[in-house]
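Right, one structure below, let's go through it.
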Ligand code: PNS
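Following this line, the structure appears as structure tokens:
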């Protein structure tokens with residue numbers, strides 16, 4: 016039986032920390048589906064289609080990884096995909112409370128829902144999409160923190176809004 020993991024998130028935008036988790040996850044599972052959520056409550060910086068395109072380009076080199084968008088409940092999407100687990104990255108203790116709540120709420124929706132937490136390389140423990148957006152928007156450097164195509168998109172976006 017093929018073991019499938021879903022890696023869900025807002026990915027606004029994908030960072031090298033996310034890619035580190037994808038790289039780890041793809042060695043543990045036969046297939047990883049990176050699932051980007053609209054997450055309008057977070058007032059996204061990039062549109063859903065832009066975020067999905069960034070993801071698709073970033074995971075192109077990995078034969079057992081694909082990117083998709085999903086709407087609605089994660090627990091429903093996971094069931095529909097026949098996935099065995101959901102991957103989430105844990106950077107620091109501060110992530111734990113939110114992740115713990117989500118994992119248990121998701122399991123309440125679907126008792127077979129398992130969340131697997133992976134720790135990124137320590138060089139990414141401070142990295143987040145929100146910090147990357149802020150630094151870039153204010154003219155700072157994000158080289159090495161996001162894939163090159165995302166760095167270019169961030170620069171264009173910052174220029175457009177300046
Ligand atoms: O990258 P994020 O913003 O931390 O990802 C959060 C995400 C998209 C995984 C979460 O908001 C989610 O699963 N949204 C889908 C709707 C849902 O199922 N909500 C209940 C979560 S317990």
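Numbering (this note's numbering), first residue to last: 16 to 177. Even for Gly, the Cβ is constructed at its ideal location relative to N, Cα and C.
Bridge-paired residues (DSSP) for residue 46 = Paired residues: 19.
Counting pairs of beta carbons, one from the region 126-133 and one from the region 150-164, are three or more of them closer than 8 angstroms?
-> Flag = no, the region 126-133 and the region 150-164 do not touch.
Nearest-angstrom beta carbon gap, residue 18 and residue 45 [assumed within contact, 8 angstroms] | Approximately 5 angstroms separates the beta-carbon atoms of residue 45 and residue 18; this is inside 8 angstroms, confirming the contact.
What three-state label does DSSP hand residue 24 in the structure shown?
-> Residue 24 falls in the strand class under three-state DSSP.
Is the beta carbon of residue 111 less than 8 angstroms from the beta carbon of residue 102?
-> Pairing residue 111 with residue 102 gives a Cβ-Cβ distance that is not under 8 angstroms.
Thinking just about the alpha-carbon of each residue, which of 41, 166, 122, 123 is nearest to the one in residue 69?
-> Distance from the Cα of residue 69 is smallest, within the candidate group 41, 166, 122, 123, for 166.
So, residue 29 versus residue 81, is the Cβ gap smaller than 8 angstroms?
-> No, Cβ-Cβ distance for residue 29 and residue 81 is not below 8 angstroms.
From which residue to which residue does the alpha helix (DSSP H) around residue 118 run?
-> Here the alpha helix (DSSP H) through residue 118 covers 108-124.
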